[in-house]
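> Here you go, one structure.
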Amino acid sequence: MPDGLNTRPTPALPMPEMPLARWFAERLGVTDAAIVTSRLLPGGAVQHNWRIDLNVDGVAQSYVLRAGPDLPLPESLSKADEFEILCRVHGAGAPVAEPLWFCEGDTPFFISRLCSGDARREILTGQLDNDALLRDLAAALAGIHRVAPDAPVNPAVPSARIDTLAAWLDGIAELSEPVDEGLSNGLAWLGAQAPDACRTTLVHRDFRTGNFLVNDGHLVAVLDWEFAGWGDPHEDIGWFCAQCWRGDALTREAGGLGDRDAFYEAYVAAGGDMPDLVRVRFWEVFAHLRWAIIALQQGARARAGAHPAWELEEAEARVPGLLRTVAEMTR
82 MPDGLNTRPT PALPMPEMPL ARWFAERLGV TDAAIVTSRL LPGGAVQHNW
132 RIDLNVDGVA QSYVLRAGPD LPLPESLSKA DEFEILCRVH GAGAPVAEPL
182 WFCEGDTPFF ISRLCSGDAR REILTGQLDN DALLRDLAAA LAGIHRVAPD
232 APVNPAVPSA RIDTLAAWLD GIAELSEPVD EGLSNGLAWL GAQAPDACRT
282 TLVHRDFRTG NFLVNDGHLV AVLDWEFAGW GDPHEDIGWF CAQCWRGDAL
332 TREAGGLGDR DAFYEAYVAA GGDMPDLVRV RFWEVFAHLR WAIIALQQGA
382 RARAGAHPAW ELEEAEARVP GLLRTVAEMT R
């Protein structure tokens, strides 16, 4: 267990409570809004989410305030861009918390409606019957992948994502961090096996167990859109099915929740294209390499003081297992 010296300091709200209450009152069009409680929500390895309980002219209302850290990961969107994507997917009917207001300031943040549910991965992967949830997730992902850019764009080129990983790895090397040979070998395999370009869709890029709210066995909302962008929809499928996100339920290949084929069938039934198995395999290998490099980036953030030392150790401890999986998948 971490000791008191190594626990993460509680981040402060983007603005003091009294000015924040006035900001809420202006958005709500009322004269009186008071913050009753503000509580940092669990989870959020990088981003910060607070539950804000208000008294609005005598009526209780609850919201979620989402703000970024001082040292974001390289792939993280700005809060303005994340809010814009949330508005787009909410308008398209995807199950997300309704985005309400954005605030540009010294620490940008946005407000969403509070949704009820549980996101804990260990709870969800420990359940025996996730059939309804798996269908909900497949339908949600198919809906996300129907969101198209406003203007025509070039087909999604997987090699561009490999270039992104390579740039991240170069950044780690520039910090004088040792780079495991398994990372270089994995990137070389991706480069040799990269599939052709395909249709471009919105891609969540962190669609996995632990990043959605569930209530009574059904999906309530997909969370954490900080990495979203345009790309190959198979990237989301490979990320969701990757072994590293199954917890202890390794035989349940769809997110640690259920059968992969059942997930694919539900995805197609909801309007998604039949997944290309070769492309999915490529993106699963990519997922493990990406997660390994993100873990190293988190370690670098810990050294810079953004995380306590025990989180540095946790992040770096993941890397060998991820690279073993990559080696097994690429033999």
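When you read off a place in the sequence shown, starting at 1, and then add 81, the result is the number in the numbering used here.
By construction, the Cβ of each residue, glycine as well, lies at the ideal position given by its N, Cα and C atoms.
Do W372 and V170 have their C-beta atoms within less than 9 Å of each other?
Cβ atoms of W372 and V170: not closer than 9 Å.
> Classify C279 as helix, strand or coil using the three-state DSSP reduction.
C279: strand per DSSP, three-state reduction.
> Going by C-alpha distance, which of D113, M410, L135, I116 is nearest Q274?
That would be M410, whose Cα lies nearest to the Cα of Q274.
> Looking at C-alpha atoms only, which residue of D151, E163, A219 is the closest neighbour of D187?
For D187, the nearest C-alpha among the options comes from D151.
> For Q142, I'd like the list of residues in its chain whose CB is within less than 7 Å of its CB, leaving aside the five on either flank, ordered along the chain.
So the qualifying residues of the chain are L135.
> Closest by CA to A343, which one among Q128, A229, N211, R120?
A343 has its Cα closest to that of N211, out of Q128, A229, N211, R120.
> So, with DSSP's three-state summary, where would you put T79?
Residue 79 is absent from the structure shown; the chain starts at 82 and stops at 412.
> Give a yes or no on whether the C-beta atoms belonging to W270 and H315 are separated by under 9 Å.
Cβ distance not < 9 Å, so W270 and H315 don't count as in contact.
> Got a sec: does the ligand SAH put a non-hydrogen atom nearer than 8 Å to the Cβ of W372?
No copy of the ligand SAH occurs in the structure displayed, which carries no ligand at all.
> DSSP beta-bridge partners for G310?
Paired residues: V284.
> If L403 and C325 are in contact, beta carbons under 8 Å, what's the gap, nearest whole angstrom?
Indeed they touch by this definition, with Cβ atoms about 6 Å apart.
> Within its chain, find whatever has a CB closer than 7 Å to the CB of V359; leave out the 5 residues flanking it on each side and keep chain order.
For V359, where only same-chain residues beyond five positions count, the Cβ hits under 7 Å are P276.
> If we ignore side chains and look at the alpha-carbon of each, how far apart do R202 and A232 end up?
The alpha-carbon atoms of R202 and A232 are separated by roughly 37 Å.
> How would you label D113, buried or exposed, when you count the other beta carbons within 10 angstroms and need 16 or more for buried?
Label assigned to D113: exposed.
> Kindly identify the DSSP beta-bridge partner or partners of G339.
Answer is A335, bridged to G339.
> Contact between the region 283-298 and the region 260-270 is defined here as three or more beta-carbon pairs at a separation below 8 Å; is this criterion met?
No contact exists between the region 283-298 and the region 260-270.
> Tell me which residues share the same chain as L158 and place their Cβ nearer than 6 Å to its Cβ, disregarding the 5 neighbours each side in the sequence.
So the list reads E307, once near-sequence residues are dropped.
> Tell me, to the nearest whole angstrom, how far the beta carbon of D217 is from that of L338; I am working on the premise that it is less than 8 Å.
That pair is no contact at about 11 Å.
> What is the DSSP secondary structure of C168, counted as helix, strand or coil?
Correct three-state label for C168: helix.
> What did DSSP end up calling Q208 once you bin it into helix, strand or coil?
Coil, per DSSP.
> Use the C-beta contact count for A200: other C-beta atoms within 10 angstroms, 16 or more gives buried, fewer gives exposed.
It is buried - the Cβ of A200 has at least 16 other Cβ atoms within 10 Å.
> Let's test the definition: count the other Cβ atoms within 10 Å of the Cβ of P83 and tell me whether it reaches 16, buried, or not, exposed.
At P83, the pLDDT of 41 sits below 50, so the modelled position is not reliable and the matter cannot be decided from this model.
> Count the other CB atoms, across all protein chains shown, that sit within 10 Å of the CB of L377; report buried if there are 16 or more and exposed otherwise.
Under this definition L377 is a buried residue.
> Use the C-beta contact count for V295: other C-beta atoms within 10 angstroms, 16 or more gives buried, fewer gives exposed.
Buried, by the Cβ-count rule.
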